[in-house]
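Peer 1: Quick one: structure below, then a few questions.
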Amino acid sequence: MTQVRWLLLVSLVFLSACGRSETSPLDPMGKVAPSMVEPGEPRSGGGKEDGVVVIGPPTQPPSLLTPPSQSQWVVVYDPEEETIENIAAGLSMTVVKTYGYDLALLEETAAYSSTLGPPPSGVVVMQTNDPANMTHSQDLVFGFYEGWLESEVNEQYMNTLLDFGSLHAKNQGQGIKVAILDTGADVTHSWFNDSLLELAPQLPLQSREIYNGIDDDENGTVDDGKGHGTVCASIIKSVAPLADILPIQILSDEGIGSVWDLTVAMEIARWQGCNIVNMSLSLSAFSPVVEHRLNVLEAAGVSVICATGNQSTVVSYPASSAKAIGVAASDDVDDIAYFSNTGVGAMFAAPGVAIVAAYPEEGMVSATGTSMACPVAAATLALVASYTSLTTFQAMSWIVGSVVPVDPSGAVEQGRVSPLGALLDFDNR
Ligand SMILES: [Ca+2]
Ligand SMILES: [Ca+2]
C-alpha cells in the first residue's frame, strides 16, 4: 500500500435496531402474551402497538460517545514499511497501545500540530473523538413474551421454514467460530447453556452485555440497545447450535459505538481465529478505516456478514461494501420485509420478521429487523462451511446456488438463504 491517506475521520457506529421504551409496560421478564406478536405479521413504524414497542430514530444525534480521548488517534499501518514508533515520532505522538500487527492507539504530544504533513506512506489515521458523520439508529420492533419458554424459540416459523429437523440432523455448525460485534450478550442466559465464548479480561473489549438503567444518550429511552447482542447470539445458536459463538461488545447499552471499537473488534475477531463476523450494525457513511479492516479480514479468510439496514432504502455501509455480505430481511412466506433496505449490496435475504430469541435476564423476545436476518445468514454460512469442510468463501457458492426466490425478486442479488438446500446440493454434487 503506497497511497498516502490522511483521514480525520470518525463515523459513529449505530445499532441497526434496538431497544425498548422506558415507559413501556414491559419489564425484562415480559408481560405480553406470546400471541401478541405473530410471526410474519407486518408492522407499521412509530409508536406502540399492543404489546409491541417500536423504537424509531432519535430526534437528535446521541451525545454520549466515549472514544478514548480527544487527543488520541487510531493508526492502522503496515509494519513491513515502518515501525509504529517511527510513525508516532513522525506525527509528534506517543504510542499508547498497540493491538495486533498493524493497529495502534497514539496520543498527541505538546509538539503535535494539526498542520503537520501527511503521515508515512500506507498509514491510516483516525481521530477518535470527532463528532462528525453521526447517524441514526434504525427501527426495530421488540415484542416481549412472558418469562422464558424454550418451546417458543424451538417452535417458531423460522425453524419450519429452514427445516431445522432435517438440517440439524446433517450439521450443527461444529468447528466454525462466529464473532458477533454488537452490544455483547447475556452469556448467563439459560438458552446458551454456558456455551458462549468470552474474551479474556485483559483484552480491550469484552463479551458480556451490560446495561445501566440510565438514558445515557438522553433520547428518552433507557438502554435502547439492551438485548440486541443477546438476540443476535441467540439466533446464531438457534440456526447453528454447535458453532462457537464469540460476542464482542462494541456498542453501548444505548446501541452506540465508535469506529475505533469496531476496528479493534474486527482485529480481535481475526486474532481469535473467527471464521465469520456478524455485524448487525451500520455506519453513517463509507469508512476507509473499516474498509481497510474488511480487506484485512478477507485476506485472512474471514467472512463478514452485515445487516442491510431498516430504512426501506438502499443498503447501508458496511453491508454495501464489496468486502461484506449484505443481508436483507424476509418473512415467513419469503416476502421482503417492508422496512428492509434492499438492492445493490443485498446479496441474500433471511428471516428477519418476528424472530423469537433469548433476551437478557432470562427473558424472551420477538425481534424484527435486518439485524435479526444477518445472524440467520451468518449461521447458515457456519453450517455450510462446517458440513462441506470448505472455507467460508468457498462455502458461499453453495449458499448462492441453493437460494429460494423472494418477492420482489429484485430486492436482493441472490435470494433467501436455504441452509438445508445448500447441504443437499453439496450431497448431490
Ligand atoms: Ca437512550
Ligand atoms: Ca444506558
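Sequential numbering from 230 applies to the sequence shown in the numbering used here. Backbone N, C-alpha and C define an ideal beta-carbon position, used for all residues, glycine too. Note that the structure is a prediction, hence the values are computed from the model and not measured.
1) Out of 520, 455, 417 and 572, state which residue places its alpha-carbon closest to the alpha-carbon of residue 643.
2) Name the DSSP bridge partner or partners of residue 499?
3) Less than 8 Å between C-beta atoms, sequence neighbours within five positions excluded: which residues of the same chain meet that for residue 552?
4) The beta strand (DSSP E) that contains residue 577, what's its start and end?
5) Express the C-alpha separation of residue 610 and residue 565 in angstroms, rounding to a whole number.
6) Under the three-state reduction of DSSP, which class applies to residue 641: helix, strand or coil?
7) Heavy atom of ligand 2 less than 6 Å from the Cβ of residue 411, yes or no?
8) Give me the residue from 487, 540 and 498 with the minimum Cα distance to residue 516.
9) Quick check on the burial criterion: 16 or more other C-beta atoms within 10 angstroms. Buried or exposed for residue 419?
10) Would the beta-carbon of residue 448 be found less than 6 Å away from any heavy atom of ligand 1?
11) Please list, following the chain, all residues that have a C-beta closer than 7 Å to any non-hydrogen atom of ligand 2.
12) Counting beta carbon pairs with one atom in the stretch 377-386 and one in the stretch 469-489, are three or more of them shorter than 8 Å?
13) Could you have a look at residue 386 and say whether DSSP puts it in helix, strand or coil?
14) Find out if the Cβ-Cβ distance for the pair residue 635, residue 563 is shorter than 7 Å.
15) In terms of DSSP beta bridges, what is residue 478 paired with?
16) Using 10 angstroms around the beta-carbon of residue 658, count the other beta-carbons present and answer buried if the total reaches 16, otherwise exposed.
17) In this structure, how does DSSP classify residue 377 when only helix, strand and coil are distinguished?
18) Checking the sheet assignment: what are the DSSP bridge partners for residue 587?
19) How big is the Cα-Cα spacing for residue 621 and residue 501?
20) When you compare the CB positions of residue 395 and residue 649, do they come within less than 7 Å of one another, or not?
Peer 2: On the basis of the coordinates in this document:
1) Here residue 643 corresponds to residue number 414 of the sequence shown, with the count starting at 1. It is 572.
2) For the purposes of this step, residue 499 is identified with residue 270 of the sequence shown, where counting begins at 1. None, per the DSSP bridge assignment.
3) By 1-based counting over the sequence shown, the position of residue 552 is 323. Contacts found: 520, 523, 524, 526, 527 and 533.
4) In the sequence shown, the residue the question calls residue 577 occupies position 348. Where residue 577 is concerned, the enclosing beta strand (DSSP E) stretches over 575-580.
5) Translated into the one-based positions of the sequence shown, residue 565 becomes position 336. Translated into the one-based positions of the sequence shown, residue 610 becomes position 381. If I take the Cα positions, the gap works out to 20 Å.
6) Locating residue 641 in the sequence shown gives position 412, where the first residue counts as 1. Looking at residue 641 - three-state DSSP - the assignment turns out to be coil, as it is neither helix nor strand.
7) Locating residue 411 in the sequence shown gives position 182, counting from the first residue. Remark: the shortest separation between the CB of residue 411 and any heavy atom of ligand 2 does not fall under 6 Å.
8) Walking along the sequence shown from the start, residue 516 turns up at place 287. For residue 516, the closest of 487, 540 and 498 by C-alpha to C-alpha distance is 487.
9) To locate residue 419, count along the sequence shown from 1; it is residue 190. Result: exposed.
10) As a first step, residue 448 must be located in the sequence shown, where it is residue number 219. For ligand 1, at least one heavy atom lies less than 6 Å from the Cβ of residue 448.
11) The set of residues with CB atoms less than 7 Å from any heavy atom of ligand 2 reads, in chain order, 440, 441, 442, 443, 444, 445, 451, 452, 481, 482 and 483.
12) Touching, no.
13) Within the sequence shown, residue 386 is the residue found at index 157, counting from 1. Three-state DSSP puts residue 386 in a helix.
14) On the sequence shown, position 406 is the one that residue 635 refers to. On the sequence shown, position 334 is the one that residue 563 refers to. In this structure, residue 563 lies closer than 7 Å to residue 635 by Cβ.
15) Counting from one through the sequence shown, the residue named residue 478 turns up at place 249. Residue 478 pairs with 411.
16) Translated into the one-based positions of the sequence shown, residue 658 becomes position 429. Exposed is the label assigned to residue 658, since fewer than 16 other Cβ atoms lie within 10 Å of its Cβ.
17) Numbered from its first residue, the sequence shown carries residue 377 at position 148. Coil, per DSSP.
18) Position 358 of the sequence shown, counted from the start, is the residue given in the question as residue 587. Beta-bridge pairing by DSSP links residue 587 to 593.
19) What you label residue 621 is simply residue 392 of the sequence shown in a count that begins at 1. What you label residue 501 is simply residue 272 of the sequence shown in a count that begins at 1. Counting only the Cα atoms, residue 501 lies some 16 Å from residue 621.
20) On the sequence shown, residue 395 is found 166 positions in, with the first residue counted as 1. On the sequence shown, residue 649 is found 420 positions in, with the first residue counted as 1. In this structure, residue 649 lies closer than 7 Å to residue 395 by Cβ.
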